[in-house]
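Undergrad: Here the sequence shown is numbered in our numbering, starting from 1 and rising by one per residue.
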Amino acid sequence: MAGTGALGALAGCLSGLSSDDTTATEPDNESDVDEEGNPLTDYEYTEPPQIVDLAEQGHKSTLRTVSARHQLVSDEATGGPVELPEVWAWQADDLAPSVPGPIYRMQEGETFELTFENDHGRPHTVHVHAVGKSWKDDGAPVSTRTKVYPGESKTYVLEGDVPGTHFYHCHYQTHNHLDMGMYGIIRVDPEGYEAPDREYFLTLREWDSRLHEQTAGGDAEYDVGDRQPNFYTVNGRSAPTTFHPELGSPLLMSEGETVRIHVVNAGYETHAFHTHGHRFTVVEEEGSPIPEAARYEQDVVPIAPAERLTLEFEADADPGLYPVHCHKVDHVTTDGRYPGGMATAIVYEEAMDTEEFAEVMDDAGYEG
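1. Would you decide whether A293 is buried or exposed? Buried here means 16 or more other CB atoms lie within 10 Å of its CB.
2. Could you check if N118 is buried or exposed, using at least 16 other CB atoms within 10 Å of its CB as the buried criterion?
3. Can the beta-carbon of T155 be found closer than 8 angstroms to that of L114?
4. Less than 8 angstroms separating the beta-carbons of A272 and V234?
5. Using the rule of at least 16 other Cβ atoms within 10 Å of the residue's Cβ for burial, across every protein chain shown, is W135 buried or exposed?
6. On the three-state DSSP scale, how would you describe G3?
7. Near Y183, what residues of its chain come up, given a Cβ to Cβ distance below 6 angstroms and the 5 sequence neighbours on each side ignored?
8. What residue from D316, E356 and E199 has the CA that sits closest to I103's CA?
9. Are there 16 or more other CB atoms within 10 angstroms of the CB of Q228, so buried, or fewer, so exposed?
10. Indicate whether P435 and T270 have their beta-carbon atoms separated by less than 8 angstroms.
11. Spatial neighbours of Q298 within its chain, please: CB distance less than 8 angstroms, with the 5 preceding and 5 following residues excluded, ordered by chain position.
12. Judging by CA-CA distance, which residue of Q107, T203 and T65 is the nearest neighbour of I185?
13. Taking the alpha helix (DSSP H) that K69 falls in, what are its first and last residues?
14. I need the boundaries of the alpha helix (DSSP H) containing H175, first residue and last residue.
15. Against chain B, with Cβ distances strictly below 8 angstroms, would I290 count as a contact?
16. In the DSSP assignment, find the alpha helix (DSSP H) that holds T144 and state where it starts and stops.
17. I'd like the span of the alpha helix (DSSP H) that includes R210, first residue to last.
18. Between P70 and G181, which are expected to be in contact by the criterion C-beta below 8 angstroms, what is the C-beta distance as a whole number of angstroms?
19. Please classify P374: is it buried, with 16 or more other beta-carbons within 10 angstroms of its beta-carbon, or exposed?
20. For L14, does the count of other Cβ atoms within 10 angstroms reach 16, so buried, or fall short, so exposed?
21. Give the DSSP-derived three-state secondary structure of Q50 in the structure shown.
22. At 3 residues or longer, and completely inside the stretch 246 to 278: list those beta strand (DSSP E) runs for me, N to C.
23. List the DSSP bridge partners of Q91.
24. CA-CA distance, G256 and I346?
25. For F231 versus S254, is the C-beta distance shorter than 8 angstroms?
26. Can you tell me where the alpha helix (DSSP H) holding E355 begins and where it ends?
27. In the DSSP assignment, the beta strand (DSSP E) including G101 goes from what residue to what residue?
28. Mind checking whether T215 and H171 have CB atoms under 8 angstroms apart?
29. By Cβ distance below 6 angstroms, which residues in the same chain neighbour R295 in space, the five residues on each side in sequence not counted?
30. Nearest by alpha-carbon distance to Q50: which of I261, V142 and E246 is it?
31. Report the rounded CA-to-CA distance for G132 versus R122, giving the unit in angstroms.
32. Could you have a look at H327 and say whether DSSP puts it in helix, strand or coil?
33. Which term fits D363, buried or exposed, when burial requires 16 or more other beta carbons within 10 angstroms of its beta carbon?
34. Is the beta carbon of D189 sitting closer than 8 angstroms to the one on E108?
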């Protein structure tokens with residue numbers, strides 16, 4: 001639960017992301033409207049991703065693809081609104097469409113039946129990293145020669161045989177469909193899994209807004225060979241909306257607690273995940289536990305495309321607000337505006353009655 005645009009007013013731990021550059025440009029939203037100033041689309045907006053406990057619904061789920069609008073920065077936040085006029089969001093069962101898609105959670109040894117019903121108007125597939133499946137359920141049409149056409153459905157049978165945090169996405173015309181928002185997380189908890197005091201899922205991604213404007217019928221021209229990201233997100237949002245406790249992804253904790261963060265890179269660029277005030281240990285990578293002898297404390301770790309890391313640390317710092325961000329600093333921008341982009345924060349409950357926290361919440365557009 002914390003925000004950024006007020007970072008310039010914060011002392012100490014948040015000053016590393018502050019900016020005194022009063023000439024910074026505002027994000028350009030004019031390309032999201034037509035010549036008469038009307039929005040390019042009238043789709044419903046996405047909502048934040050939800051965790052689906054598969055055991056609670058008989059290890060079955062129905063997944064769909066929905067065209068939607070997606071706000072990177074909300075209307076009420078500083079610098080907002082900033083949005084993509086069209087994304088292709090995953091919708092699970094009766095949940096709202098979201099980018100990223102729902103977080104599916106299961107236990108090691110369980111079997112999951114995922115039925116994809118395609119009424120989107122384009123062929124799609126579902127490909128899941130690491131977990132066991134038959135060849136025909138791999139979701140890669142280049143080798144299976146199988147895709148789900150509009151009006152069709154397919155049930156993928158997935159085995160929870162590889163514990164860890166895994167990545168799923170559409171694998172048809174992947175260079176565009178993944179970029180349009182068709183990605184999410186499947187978590188397989190190992191047998192005897194002991195939950196920490198606090199646990200979070202963070203998905204990192206960069207976006208070239210021209211693809212979304214072109215898809216929505218705007219006059220932008222996009223070529224994947226000339227991909228130039230101008231937006232960067234954590235769980236589909238850019239700072240300061242990332243700090244909004246309902247729309248964003250603040251890492252709330254209390255002094256002395258154990259914190260576990262599952263980080264997935266759903267983009268095409270490597271990111272440098274960095275925490276202020278805390279040193280973490282990488283305990284899992286792509287579902288493989290890191291041996292105790294190979295673990296060490298660090299405060300920045302690179303995460304490559306499709307890579308998944310699980311990090312742990314103790315909430316042992318001076319209780320306050322601490323940034324968490326990509327240390328490729330241009331990734332902490334929103335269409336060139338700094339601070340923004342791929343940043344959120346560690347927030348101690350003990351600091352939530354401070355003036356600084358109130359300013360950060362105001363900047364994030366939260367009035368709770």
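Note that beta-carbon positions come from the ideal geometry of N, C-alpha and C, so glycine has one too.
TA: Working from what's here:
1. Position 293 of the sequence shown holds residue 293. Exposed, by the Cβ-count rule.
2. As a first step, residue 118 must be located in the sequence shown, where it is residue number 118. N118 is buried by the Cβ-count criterion.
3. Within the sequence shown, numbered from 1, the residue matching residue 155 stands at position 155. Within the sequence shown, numbered from 1, the residue matching residue 114 stands at position 114. Against a cut-off of 8 angstroms, the Cβ pair of L114 and T155 comes out as a contact.
4. Within the sequence shown, numbered from 1, the residue matching residue 272 stands at position 272. Within the sequence shown, numbered from 1, the residue matching residue 234 stands at position 234. Not a contact, by the Cβ cut-off of 8 angstroms.
5. Here residue 135 refers to the residue found at position 135 when the sequence shown is read from its first residue. With fewer than 16 other beta carbons inside 10 angstroms of its own, W135 counts as exposed.
6. Start at 1 with the first residue of the sequence shown, and residue 3 comes out as number 3. Since pLDDT at G3 reaches only 32, below the 50 mark, its modelled position is unreliable, and no value is offered.
7. Residue 183 sits at position 183 when you count from the first residue of the sequence shown. Contacts found: P100, H169 and A266.
8. Taking the sequence shown and counting its residues from 1, the one referred to as residue 103 is at position 103. Closest option to I103, Cα to Cα, is E199.
9. For the purposes of this step, residue 228 is identified with residue 228 of the sequence shown, where counting begins at 1. Looking at its Cβ environment, which holds fewer than 16 other Cβ atoms inside 10 Å, Q228 is exposed.
10. The requested residue 435 is not part of the displayed model; the chain covers only 1 to 368.
11. Walking along the sequence shown from the start, residue 298 turns up at place 298. For Q298, where only same-chain residues beyond five positions count, the Cβ hits under 8 angstroms are R279, F280, T281 and V282.
12. To locate residue 185, count along the sequence shown from 1; it is residue 185. The shortest Cα separation from I185 among Q107, T203 and T65 belongs to T203.
13. For this step, residue 69 is matched to residue 69 along the sequence shown. Strictly speaking, residue 69 in this sequence is Arg, with Lys absent from that position. Run containing R69: none in the alpha helix (DSSP H); it sits in the beta strand (DSSP E), K60 to V73.
14. The count along the sequence shown starts at 1 and reaches residue 175 at position 175. Unbroken alpha helix (DSSP H) run through H175: T174 to H177.
15. Considering every chain present, this structure includes no chain B. It has just one protein chain.
16. By one-based count along the sequence shown, residue 144 stands at place 144. Unbroken alpha helix (DSSP H) run through T144: P141 to T144.
17. Indexing the sequence shown from 1 puts residue 210 at position 210. That run of the alpha helix (DSSP H) goes S209 to T215.
18. Position 70 of the sequence shown, counting from 1, holds the residue named residue 70. Position 181 of the sequence shown, counting from 1, holds the residue named residue 181. Residue identity check: residue 70 is His in the sequence provided, not Pro. Indeed they touch by this definition, with Cβ atoms about 7 angstroms apart.
19. In this structure the chain extends from 1 to 368, so residue 374 is not present and cannot be described.
20. Stepping through the sequence shown from its first residue, residue 14 is reached at position 14. In this prediction, L14 scores a pLDDT of 36, lower than 50, which makes its location untrustworthy; the coordinate-derived value is nonetheless stated afterwards. Burial state of L14 is buried, judged by a 10 Å Cβ sphere holding 16 or more other Cβ atoms.
21. Numbered from its first residue, the sequence shown carries residue 50 at position 50. In this structure, Q50 counts as coil in the three-state DSSP scheme.
22. 251 to 253, 258 to 265 and 271 to 275
23. Here the question's residue 91 lines up with position 91 in the sequence shown. Bridge partners of Q91: R64.
24. Translated into positions along the sequence shown, residue 256 becomes position 256. Translated into positions along the sequence shown, residue 346 becomes position 346. Cα to Cα, the separation comes out at about 13 angstroms.
25. Locating residue 231 in the sequence shown gives position 231, where the first residue counts as 1. Locating residue 254 in the sequence shown gives position 254, where the first residue counts as 1. Cβ distance not < 8 angstroms, so F231 and S254 don't count as in contact.
26. Locating residue 355 in the sequence shown gives position 355, where the first residue counts as 1. E355: member of the alpha helix (DSSP H) spanning E355 to A364, first to last residue.
27. Numbered from 1 along the sequence shown, position 101 holds the residue referred to as residue 101. Where G101 is concerned, there is no enclosing beta strand (DSSP E), because DSSP gives it neither an H nor an E.
28. The residue given as residue 215 occupies position 215 in the sequence shown. The residue given as residue 171 occupies position 171 in the sequence shown. No, the pair does not count as a contact, with Cβ atoms beyond the cut-off.
29. The count along the sequence shown starts at 1 and reaches residue 295 at position 295. Correct list, in chain order: T281.
30. On the sequence shown, residue 50 is found 50 positions in, with the first residue counted as 1. If we check each option's Cα against that of Q50, E246 comes out closest.
31. What you label residue 132 is simply residue 132 of the sequence shown in a count that begins at 1. What you label residue 122 is simply residue 122 of the sequence shown in a count that begins at 1. Distance between the alpha carbons of G132 and R122 is about 27 angstroms.
32. Sequence index remark: in the sequence shown, residue 327 carries index 327 (1-based). Under the three-state reduction of DSSP, H327 is assigned to coil, being neither helix nor strand.
33. Translated into the one-based positions of the sequence shown, residue 363 becomes position 363. Flag for D363 reads buried.
34. Your numbering for residue 189 matches position 189 in the sequence shown. Your numbering for residue 108 matches position 108 in the sequence shown. Judged by their CB atoms, D189 and E108 are nearer to each other than the 8 angstroms cut-off.
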